[in-house]
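Numbering (our numbering), first residue to last: 1 to 172.
The following block contains the structure:
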């Protein structure tokens, strides 16, 4: 192999590898979109607009909500969100996003995290929680959630008290 052939082969290999690099991520655009999305998600959950919520999830997304089984895919996520929205409305409570959220992306993956308050009808905070969503850039360039999880800051309820078994009289 001549010197020129080796150089041409090395250049071709470099170009092939460079073509495999992930797309550049516009961090500011990602952060704006994800923060805008959560500002739409929470009111949609409060009002039962489940289809608007689903538009933010990839078709094979997974949602891990406290006290519920993992919901995988749009059908399961739709059912979960309908249940959660109904519980919010029946309880007279609403979620409110706080302004402490953060978002970052690299390549085709990103995350969005933050906190929320749960308020009663009078606006009193009755609970607080945190969330983390993993986003993936889709072929059309839109970022959709592929994993979503949140929790309450309150400790779990204490176990129900159980009655002590009745004493049996000693056998004679």
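Backbone N, C-alpha and C fix where the C-beta goes; we use that ideal spot for every residue, glycine too. Here the structure is a predicted model, which is why all the values come from computation and not from measurement.
Contact between the stretch 122–131 and the stretch 67–74 is absent: fewer than three C-beta pairs spanning the two stretches fall below 8 Å. Leaving aside the five residues that flank residue 146 on each side, the residues in its chain whose CB is nearer than 6 Å to its CB run, in chain order, 58, 61, 134, 136. In the structure shown, residue 62 adopts extended strand secondary structure according to DSSP, grouped into three states. DSSP lists 102, 132 as the beta-bridge partner residues of residue 113. Inter-segment contact for the stretch 24–32 and the stretch 40–59 is absent: fewer than three beta-carbon pairs are separated by less than 8 Å. According to the DSSP secondary-structure assignment, residue 137 is paired through a beta bridge with 143. Beta bridge pairing from DSSP links residue 149 with 64, 132. If you ignore the 5 residues before and after residue 50, its C-beta comes within less than 7 Å of the C-beta of 78, 81, 82, 85, all in its own chain and listed in chain order. For residue 79, the three-state secondary structure derived from DSSP is helix.
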